[in-house]
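Here the structure comes first, spelled out in structure tokens, and everything after it is commentary.
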DNA sequence: CCCTGATTCGC
DNA sequence: GCGAATCAGG
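Numbering (full-length UniProt numbering), first residue to last: 1 to 179.
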């Protein structure tokens, strides 16, 4: 593949939309790497770009730095409800063992992972679901790619299908709704 | 470890 | 011009 006018246009568009180089590389199928994208971006002279609409990550707020109170004017903080033994406002205890089956979302009859969410074997990470989609001999063959539990081959959704094929989902869902 | 863009430099 | 390798950082 090469940088046809069409592909360059798409590159410009996506770059200005704030997509990352690797994301753009995925869109521009054809063995384009993020390095290629970045290199092209620089050659086109559009390295700086508008603020990305989707900030990479929302930074956790800095723990508000409290103004130090003067020792002489310091007033004791109000005792917390817990310290006063007010059981009525104490946080409820969280069950140690969560009812996993009931908490799991009711599965839809058919699993449809959008193509855009799926990953190629090259994009597959250790933490991703390996559930296959499509013909392994086809260019379009993808894996689910959803986040799977540590060490697990499938995400919770596919694992349920893989390991509990005969689960009566409707009854399970009704039970959940009733609780 | 996951990811990001920036830069270099052989091709 | 191209992009892999590398760097520097979150």
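Built from N, CA and C at the ideal position, the CB exists for glycine as well.
Please read these numbers as outputs of a predicted model, since none were measured by experiment.
State the CB to CB distance for the pair residue i and residue j, rounded to an integer number of angstroms; the pair is presumed to be in contact (CB under 8 Å).
i: residue 131; j: residue 143; result: 6 Å
i: residue 15; j: residue 46; result: 6 Å
i: residue 21; j: residue 8; result: The pair is not a contact, with the Cβ atoms about 14 Å apart (cut-off 8 Å).
Given a cut-off of 9 Å, decide if residue j and residue i are closer than it, judged by their beta-carbon atoms.
i: residue 119; j: residue 145; result: yes
Kindly identify the DSSP beta-bridge partner or partners of residue i.
i: residue 1; result: Note: residue 1 sits in no beta bridge, so no partner.
i: residue 143; result: 119, 132
What separation, rounded to the nearest whole angstrom, lies between the Cα atoms of residue i and residue j?
i: residue 42; j: residue 28; result: 17 Å
i: residue 134; j: residue 18; result: 30 Å
i: residue 153; j: residue 125; result: 11 Å
i: residue 160; j: residue 149; result: 13 Å
i: residue 44; j: residue 157; result: 43 Å
i: residue 1; j: residue 33; result: 11 Å
i: residue 30; j: residue 121; result: 14 Å
i: residue 123; j: residue 26; result: 9 Å
i: residue 35; j: residue 155; result: 30 Å
i: residue 136; j: residue 147; result: 21 Å
State the DSSP-derived secondary structure class of residue i, mapped to helix, strand or coil.
i: residue 17; result: coil
i: residue 39; result: helix
i: residue 22; result: helix
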